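Residue numbers (the working numbering), protein chains in the order written: chain A, 1 to 106; chain B, 1001 to 1287.
Heads up, the thing below is written out as structure tokens.
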């Protein structure tokens, strides 16, 4: 059992708290460029995700990777999270998991 | 349980003082814990791998785990399946990574349907795993009795919220919060309606002897708590614009300077925030 490499729940606003660390976020792809995408996080902030999303992809995608700076993630794992997803709930979870209940996660 | 089971209450222990519920469930591969063992160990406890790693064990490897003072034997976790290895036709091993940690899992398959279920799950699939927590040669493992792929990913969000909820419930904060919410409106109402002895300063200082709302992790002074409680009332939480300082001052029958001091402290603690302007405030939600 190994808890040395957790991935913190982040949205655009919380990314700055985990620069250089492993993070996870759910995004909606706004624009695809070569080698990266521009996504909208669950708190409606645009972030850059380096890497290539899965094909085919759904509306919501979870990315797990390393936070490069306070608005971009270098993705290692992409997971389709479906076309319908409760982004508000997930965003609230991000707040809780980085706030009072951080000790249950990191 | 079958009557061949020597621990069946109707045979070996009928009329005796020995409680059959004292048997350890982990010794029996397919036994179910008796109801008198404790309600909380019967259901599936939603946990994160981090919580599992920090669970305490009362004795040796065979003893039960404890999380938040609750006996934990069967758990439910949601995470990504990795490193699936089929060791034999009925022994499948894999790791589950839920973002808080990785734990080794064992799935014993005895029926074709179970084998088919595991065949369909590849590395990288999000799964809901229900299983029994055990310790073997110093390592904590999950013996899974159900592994199901996640199809609606709101389940992922739900699982972590479920973990937080149960953590709060078992840590008794939730019950205090509910108790506090019931008494708050009564106290605030009594402050504004019933005549209370005023001190020489002209404002009242209510006593908190029978009032337990200590739900914040750091102890707040009485008056700060009063202001916070007022803002935490559901009717005030719902007000998008927040509550004006003057209103708090009128409702709590306290001078506006005292309210401002309390608000300043609460804001620093991250418990309230200003909404539409510097005179309107709202309580941070998530008691």
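The beta carbon of each residue, even a glycine, is placed where N, CA and C say it ideally should be.
Being a predicted model, the structure only gives us computed values, none of them experimental.
Q. From B:1099, B:1057, B:1073 and B:1078, pick the residue whose C-alpha is nearest to that of residue 25 of chain A; which is it?
A. The sequence position of residue 25 of chain A within the first chain is 25, counting from 1. Selected option, being the one with the closest Cα: B:1099.
(Q) I need the straight-line Cα distance from residue 1057 of chain B to residue 1064 of chain B, nearest angstrom please. (A) As a first step, residue 1057 of chain B must be located in the second chain, where it is residue number 57. As a first step, residue 1064 of chain B must be located in the second chain, where it is residue number 64. Near 6 Å, if we compare the C-alpha coordinates of residue 1064 of chain B and residue 1057 of chain B.
Q: Give every residue of the same chain whose Cβ lies closer than 6 Å to the Cβ of residue 12 of chain A, excluding the five residues on either side of it in the sequence, and list them in chain order.
A: Within the first chain, the letter at position 12 stands for residue 12 of chain A. These residues qualify, in order along the chain: 41, 43, 45 and 47.
Q: Return the chain-ordered list of same chain residues with a C-beta closer than 6 Å to the C-beta of residue 87 of chain A, the five sequence neighbours on each side being excluded.
A: As a working note, residue 87 of chain A is residue 87 in the first chain. Answer for residue 87 of chain A: 42, listed in chain order.
(Q) Quick check: residue 93 of chain A and residue 1157 of chain B, are their CB atoms within less than 8 Å of each other? (A) By 1-based counting over the first chain, the position of residue 93 of chain A is 93. By 1-based counting over the second chain, the position of residue 1157 of chain B is 157. Their beta carbons are under 8 Å apart, which means residue 93 of chain A touches residue 1157 of chain B by this criterion.
Q. Of the residues B:1080, B:1111 and B:1248, which one's Cα is nearest the Cα of residue 1145 of chain B?
A. Counting from one through the second chain, the residue named residue 1145 of chain B turns up at place 145. When only C-alpha atoms are compared, the closest one is B:1111.
Q. CB residue 1102 of chain B to CB residue 1147 of chain B, shorter than 8 Å?
A. Residue numbering aside, residue 1102 of chain B sits at position 102 when the second chain is read from its first letter. Residue numbering aside, residue 1147 of chain B sits at position 147 when the second chain is read from its first letter. Result no, Cβ atoms of residue 1102 of chain B and residue 1147 of chain B do not sit closer than 8 Å.
Q. Just how far apart, CA to CA, sit residue 1121 of chain B and residue 1137 of chain B?
A. On the second chain, residue 1121 of chain B is found 121 positions in, with the first residue counted as 1. On the second chain, residue 1137 of chain B is found 137 positions in, with the first residue counted as 1. Distance between the alpha carbons of residue 1121 of chain B and residue 1137 of chain B is about 28 Å.
(Q) Closer than 8 Å is the cut-off here; do at least three beta carbon pairs connect the segment 1073-1081 of chain B with the segment 1046-1057 of chain B? (A) yes
Q) Which residues, in chain order, does the segment 1047-1062 of chain B contribute to contact with chain A at a C-beta distance below 8 Å? A) 1048, 1049, 1050, 1051, 1052 and 1053
Q.
Output needed for residue 1283 of chain B: all residues of its chain with C-beta closer than 6 Å, excluding positions within five of it in sequence on either side, in chain order.
A. Within the second chain, residue 1283 of chain B is the residue found at index 283, counting from 1. Contacts found: 1231, 1232 and 1272.
Q. Which whole-angstrom value is the C-beta distance of residue 1072 of chain B and residue 1133 of chain B, which I expect to be below 8 Å?
A. Looking up residue 1072 of chain B in the second chain gives position 72. Looking up residue 1133 of chain B in the second chain gives position 133. The pair is a contact, with the Cβ atoms about 6 Å apart (cut-off 8 Å).
**Q.** Proximity test, Cβ basis, 8 Å: residue 119 of chain A and chain B
**A.** Given that chain A is displayed from residue 1 to residue 106, the structure contains no residue 119 of chain A and the question cannot be resolved.
Q. Which of helix, strand or coil does DSSP assign to residue 98 of chain A?
A. Locating residue 98 of chain A in the first chain gives position 98, where the first residue counts as 1. Helix, per DSSP.
**Q.** Endpoints, the alpha helix (DSSP H) within which residue 1112 of chain B is located
**A.** Working through the second chain from its first residue, we reach residue 1112 of chain B at position 112. Start and end: 1112-1119.
Q: Check each candidate in B:1229, B:1140, B:1171 and B:1095 and name the one with the smallest Cα separation from residue 1128 of chain B.
A: Position 128 of the second chain, counting from 1, holds the residue named residue 1128 of chain B. The shortest C-alpha separation from residue 1128 of chain B is found at B:1095.
Q | Residue-level contact to chain A via CB, residue 1167 of chain B, 8 Å cutoff | A | For this step, residue 1167 of chain B is matched to residue 167 along the second chain. Chain A, which has a Cβ nearer than 8 Å to the Cβ of residue 1167 of chain B, makes this yes.
**Q.** Length-filtered (3 minimum) beta strand (DSSP E) runs lying within the segment 1058-1123 of chain B
**A.** 1065-1067, 1070-1072, 1074-1088, 1091-1097 and 1102-1108
Q.
What residue range does the alpha helix (DSSP H) around residue 1150 of chain B cover?
A. Residue mapping note: residue 1150 of chain B aligns to position 150 of the second chain, counting from 1. Per DSSP, residue 1150 of chain B belongs to no alpha helix (DSSP H) and is neither H nor E.
Q) Is it the case that the CB of residue 57 of chain A approaches a heavy atom of the ligand MN more closely than 7 Å? A) This structure simply doesn't include the ligand MN, nor any ligand for that matter.
Q: Drop a sphere of 10 angstroms on the beta-carbon of residue 1051 of chain B, count the other beta-carbons inside from all chains shown, and report buried for 16 or more, exposed for fewer.
A: For this step, residue 1051 of chain B is matched to residue 51 along the second chain. So residue 1051 of chain B ends up on the buried side.
Q: Please determine, among B:1162, B:1252, B:1165 and B:1278, the residue with the shortest C-alpha to C-alpha distance to residue 1241 of chain B.
A: Residue 1241 of chain B sits at position 241 when you count from the first residue of the second chain. Minimum Cα distance to residue 1241 of chain B is reached at B:1278.
Q. Buried or exposed: where does residue 1281 of chain B fall if 16 or more other Cβ atoms within 10 Å of its Cβ makes it buried?
A. Counting from 1 along the second chain, the entry for residue 1281 of chain B is found at position 281. Buried, because 16 or more other Cβ atoms sit within 10 Å of the Cβ of residue 1281 of chain B.
Q. Taking Cβ positions only, does residue 96 of chain A come closer than 8 Å to chain B?
A. Position 96 of the first chain, counted from the first residue, corresponds to residue 96 of chain A. Chain B contact via Cβ: present.
Q: Give a yes or no on whether 8 Å exceeds the smallest Cβ distance from residue 2 of chain A to chain B.
A: Here residue 2 of chain A is taken as the residue at index 2 of the first chain, counted from 1. With 8 Å as the cut-off, residue 2 of chain A counts as an interface residue toward chain B.
Q) Taking the C-alpha atoms as reference points, what is the distance between residue 1225 of chain B and residue 39 of chain A? A) One-based indexing of the second chain puts residue 1225 of chain B at position 225. One-based indexing of the first chain puts residue 39 of chain A at position 39. Looking at the two C-alpha atoms, the distance is approximately 41 Å.
Q: Please decide whether residue 1239 of chain B counts as near chain A, where near means a Cβ-Cβ distance under 8 Å.
A: The residue given as residue 1239 of chain B occupies position 239 in the second chain. It does not; no Cβ of chain A falls within 8 Å.
Q. Chain B partners of residue 86 of chain A, CB-CB under 7 Å?
A. Within the first chain, residue 86 of chain A is the residue found at index 86, counting from 1. The answer, in chain order, is 1154 and 1157.
Q.
Contact defined as beta carbons within less than 8 Å: I believe residue 37 of chain A pairs with residue 31 of chain A. What is the distance between those atoms, to the nearest angstrom?
A. Taking the first chain and counting its residues from 1, the one referred to as residue 37 of chain A is at position 37. Taking the first chain and counting its residues from 1, the one referred to as residue 31 of chain A is at position 31. The Cβ separation is near 7 Å, so the contact holds.
Q. I think residue 1139 of chain B touches residue 1114 of chain B, with their Cβ atoms under 8 Å apart; what is that distance to the nearest whole Å?
A. Counting from 1 along the second chain, the entry for residue 1139 of chain B is found at position 139. Counting from 1 along the second chain, the entry for residue 1114 of chain B is found at position 114. Not a contact, Cβ separation roughly 24 Å.
Q) Using Cβ-Cβ distances below 7 Å, what residues of the segment 14-31 of chain A are close to chain B? A) 24
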